[in-house]
Each structure stands twice: as C-alpha cells, then as structure tokens.
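S.K.: Got a structure for you, questions after.
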Amino acid sequence: MPLAQTPSDTPVLRRPRADRIQHFRPSVFTEIRELAERHGAIDLGQGAPGLDAPTALVDAAASAMAAGHNQYPPAAGLGELRSAIAESRLCSTGVRYEPDREVVVTAGATEAVAAALLSLCNPGDEVLTLDPCYDAYSAAASLAGARLVAVPLAMEGDRFVLDEAALRAAVTPRTQVLLLNTPHNPTGKVFTAAELAVLAQLCLDHGLTAVTDEVYEHLVYDGGKHHSLASLPGMRERTLTVSSAGKTFNVTGWKVGWACGPDWLVESVLSVKQFLTFASGTPFQAAVAGMLADVEAWAAQLRGTLQHHRDLLRTGLEQVGMRTYRGEGGYFLQADVRGAGYTDGDQFCRELPLRIGVAAIPSSAFRHGADNTGPDWLVRFAFCKSAEVLREAAARLAGLRKG
C-alpha cells in the first residue's frame, strides 16, 4: 500500500489555469447577489424577471414531459421549433430563413454567441463591439483566442448614441466580427435605423461578419420599433441573428435560444455547439414552438407591463436626485448616482444593500474598452420585477434622501 503524500511531496502543477482564462474571476454580479442575500436586499442587479411566464407555455412544457419528450432532440433543435422561429423572424423582420439549414437552437443566447465567436475567430483576430457591453462577450472572445475591441457609446442628453468616427477608427486588418446587441444591455438603448445603416456599411466596407444579439427584440417601449441588422441591404448573407425565449416569455431558466443566418454561418455555429451542449431542453423546445405562433399578442402585453414598471422605478430614482437615462428597450435603467451623493458607482452598489436594502450593478462592470474609461457614476437598475417589488424598492430608495 503506497504511503500517503505529505503536502511537501505533492507535485507542483505545471500550469494551474490556461492563459486565456487567467483574468476570469467571480464577477461583480456574484458579489452583489451575495450582498443582497446577506442583507435581505431587493435585488435590482440581476436581470432575472420577477414576472410569471404564460400559463399556456408552462402547461405545454408539462404536457410535453408527460408525453415522454424527455430525450435528446436533434443537435440543431426540434424541427417544429426551427420552423416556428423562421416564421416568427419573417413576420417580425421580413427576413426569410430556411428552417432546415438556416436556423439552429442553442442552450440560450449566450451559447449561440460563444459558439459563433469560437467558429469565426482565429487567435489574434479582433471582435468589434460597443462599450459598455454584456460581460459574456469578453469571455467568449477570450475563449476563441480573439480580442474584444469595445468602442464607447457617446452620451447625448439622456440617450446613448453611436460614435461613428470612433467606431471606424477602431477597425483594423485583424477585425473579423462586429458583435452588436440591440436592444442594448446595459444601457437600454435601441439602435436607430440610421445607426444600423452605419453599422451595415461598416461591415460591407471591411468584409466583416456580424453577430447580433437581439434577445430583447420584443421589448421596445414608447411606441418604438426594433430593427434587425440582417434586414438591411447586403446584410442577410453576412449576419448571424441571435435571440431566445428567455426574455420574451420570462423563462430565462429554460435556456432555449437560437441563431438564424445563411447556411454557412449556421453550420459553423452547429459545428461548435455539438461539442458544447450538443442539445438540451426537449420539452421546453416543444412548448416554445407552440407559443411563437402567437408571440406578438403576449409580447404586447408584456411590453405594457414592463414600460409601466420602468416608469415606477424611474420615478423612484429621480425622486432621490438620481438622473436616469432613457430605457428604450430591455430590462434596465442607467442612473447617475451623483445626485445621491456618490461619485463612484462601485462604492454605491457595495454600500446600498446594507444602507437601504436595495442592490444594483455598477455600470463600470460592463466596460471592456482598452483604457477602461467611462463615467464611474453610472449604475444599472433592473425593472423586470413585479410592481410590488419595485414600489418597495422605491420606498427604500427614499431613505437616501435622509442622508
């Protein structure tokens, strides 16, 4: 029987972590969530909806499970879901996709983005995006050996706007992909038709492939409209459009996402995705397929609810002196915490759970530009919660006025 090794006998690992993930650490989202739980705070940091899913959708998933649809679906996703996705995209954007060759179902939108970058980028390539941005973009680029080049959005009044000059200046011979999120997390910006035309022309001028994250496509407020980059002239054949059921139907835990595009792009994603999750969520896919046929009826109701909830939160923030920026779409509001006596959003977010029992995320956590510069006084608040929760959060926020 071999003797037990003492700690001094333990071989030293040659390399505990791969170089490309050396900077991966528990995120500020995890830290803020733990602070919220520790202090019993209302968590307006995480973008998990606090609203119910459609009863018909939940019932359909339960029926699919009871009927025995619990084994692997095809790697590309259930055929009925791919057909429903193609029909939904045609109705909402006017872009036609062939379900069998130009649609792939993924384990959420994040997997679709990661698989796209893994399949499109070689080490040393650059992925162009807008700053601030969803933190998974930087991680996906790193896993692909690529570098995320994040160009800051400009601020104009209470809006975020595209800085065309800065964007064009950021393109290099190594730029391979434009990664666009609209409606945009964390700013709540919806890119205008004119801004999308600029982005499309950039792709055409430099031969770039576009990957568009459109998970909030049905959640545009104040009578605004979502425009898909793939619908612009010359862009369908170079754009992978990503979306999911999670945000549209309040089922983020189901992780049913998809990507649509020309067959060469979808085949590229599928070639990677088959070695990540292979496939997932058979009964959930079946349920979503049935709901997509009537998505607009549900989405119109959800938009109205979320717009009302946005306004509830916005009023609460502005009553304590925090200026807010337009939440044109999605789940989030940006707030200027200088009106609450802070100049550092990170400090504000770490003190807020203990001080008044509300949690939020510093917007600096979403910055990935090379110089990491930007307004440190912006904080992201989520309004995808129930009206009761938001009213209570507003009541607690009023405590900031008391010093």
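If you read the sequence shown in this note's numbering, its first letter stands for residue 53, the second for the next number, and so on.
We put the CB at the ideal spot given by N, CA and C, even for glycine.
Where does GLU178 sit, in a helix, a strand or coil, going by DSSP?
M.R.: strand
S.K.: Evaluate LYS241 with the Cβ neighbour count: other Cβ atoms within 10 Å of its Cβ, from every protein chain shown; 16 or more gives buried, anything less gives exposed.
M.R.: Counting the other Cβ atoms within 10 Å of the Cβ of LYS241 gives 16 or more, which makes it buried.
S.K.: For SER79, name the three-state secondary structure that DSSP assigns.
M.R.: coil
S.K.: Assign SER323 to one of three DSSP states: helix, strand, or coil.
M.R.: helix
S.K.: I need the boundaries of the beta strand (DSSP E) containing SER295, first residue and last residue.
M.R.: 291-296
S.K.: What are the complete beta strand (DSSP E) segments, minimum 3 residues, inside the stretch 111-167?
M.R.: 155-158
S.K.: Return the Cβ separation of GLN337 and LEU130 in integer angstroms, given the expectation that the two are a contact with Cβ distance under 8 Å.
M.R.: About 5 Å separates the CB atoms of GLN337 and LEU130; that is less than 8 Å, so the two are in contact.
S.K.: Would you call ARG432 buried or exposed, if buried means 16 or more other Cβ atoms sit within 10 Å of its Cβ?
M.R.: buried
S.K.: Out of TYR186, PHE327, SER135 and HIS270, which one is the CA nearest neighbour of VAL155?
M.R.: SER135
S.K.: Among GLU266, ASN233, SER79 and ASP388, which one has its Cα closest to the Cα of LEU185?
M.R.: Checking the sequence shown, residue 185 turns out to be Cys, not Leu. It is ASN233 whose Cα lies nearest to the Cα of CYS185.
S.K.: Assign PRO414 to one of three DSSP states: helix, strand, or coil.
M.R.: strand
S.K.: Under 7 Å Cβ to Cβ from GLY421, same chain only, skipping five residues before and after it: list those, please.
M.R.: ASP183, ALA202 and PRO204
S.K.: Kindly list the residues whose CB is nearer than 7 Å to the CB of GLY451, restricted to its own chain and excluding five residues on each side of it in sequence; keep chain order.
M.R.: ILE408
S.K.: On the criterion of 16 or more Cβ atoms from any shown chain inside 10 Å, does PHE400 qualify as buried, or is it exposed?
M.R.: Under a 10 Å Cβ-count criterion, PHE400 is classified as buried, with 16 or more other Cβ atoms of the shown protein chains found around its own Cβ.
S.K.: Considering only the beta carbon of each residue, do PHE327 and GLY99 sit closer than 8 Å?
M.R.: No; because the gap between Cβ atoms is not below 8 Å, this pair is not in contact.
S.K.: Helix, strand or coil: how does DSSP classify GLY309 here?
M.R.: strand
S.K.: What distance in whole Å lies between the Cβ atoms of LYS307 and ALA159, which are believed to be in contact at a cut-off of 8 Å?
M.R.: 5 Å
S.K.: What residue range does the alpha helix (DSSP H) around ASP265 cover?
M.R.: Run containing ASP265: none in the alpha helix (DSSP H); it sits in the beta strand (DSSP E), 261-265.
S.K.: Just reading off the alpha helix (DSSP H) that VAL441 is part of, what are its end residues?
M.R.: 439-449
S.K.: Relative to the C-alpha of ASP152, which candidate in LEU322, ALA105 and ALA114 has its C-alpha closest?
M.R.: LEU322
S.K.: Can you list, in chain order, the residues of its chain with a C-beta nearer than 6 Å to that of GLY97? Leave out the 5 residues immediately preceding and following it.
M.R.: ILE84, ALA411, ALA412 and ILE413
S.K.: Is any beta-carbon of chain B found at less than 8 Å from that of SER190?
M.R.: Given the protein chain composition of this structure (a single chain), no chain B is represented.
S.K.: Just to confirm the assignment, what range does the alpha helix (DSSP H) spanning LEU369 have?
M.R.: 347-371
S.K.: Identify every residue that forms a DSSP beta bridge with GLN74.
M.R.: Partner(s): none; GLN74 has no beta bridge.
S.K.: Could you round the C-beta distance between VAL165 and ALA188 to whole angstroms and report it? I think they count as a contact, below 8 Å.
M.R.: Confirmed, Cβ separation roughly 7 Å.
S.K.: So, are the CB atoms of ALA349 and TYR124 less than 8 Å apart?
M.R.: no
S.K.: Got a sec, what are the start and stop residues for the beta strand (DSSP E) PHE330 sits in?
M.R.: No beta strand (DSSP E) holds PHE330; DSSP gives it neither H nor E.
S.K.: The beta strand (DSSP E) that contains LEU200, what's its start and end?
M.R.: 199-204
S.K.: Determine the burial state of LYS42: buried for a count of at least 16 other Cβ atoms within 10 Å of its Cβ, exposed for fewer.
M.R.: This structure leaves residue 42 out entirely; the chain is present only between 53 and 455.
S.K.: Buried or exposed, going by whether 16 or more other CB atoms sit within 10 Å of the CB of ARG453?
M.R.: Note on ARG453: under 16 other CB atoms within 10 angstroms of its CB, so exposed under the neighbour-count rule.
S.K.: Which residues in the same chain as PRO314 place their Cβ atom closer than 6 Å to its Cβ, once the five residues preceding and following it in sequence are excluded?
M.R.: GLU289
S.K.: Rounded to the nearest angstrom, how far is the Cβ of ALA446 from that of GLY379, given a contact under 8 Å?
M.R.: Rounded, the Cβ-Cβ distance is 15 Å, inconsistent with contact.
S.K.: So, with DSSP's three-state summary, where would you put GLU247?
M.R.: helix
S.K.: Looking at the secondary structure, which residues open and close the beta strand (DSSP E) in which LEU406 lies?
M.R.: Premise fails: LEU406 lies in the alpha helix (DSSP H), 397-408, not in any beta strand (DSSP E).
S.K.: Just confirm the distance between the C-beta atoms of THR264 and ALA282, as a whole number of angstroms; I'd bet it's less than 8 Å.
M.R.: 7 Å
S.K.: Along the beta strand (DSSP E) that carries ARG432, what are the first and last residues, could you check?
M.R.: Looking at the DSSP string, the run of the beta strand (DSSP E) that includes ARG432 is 430-434.
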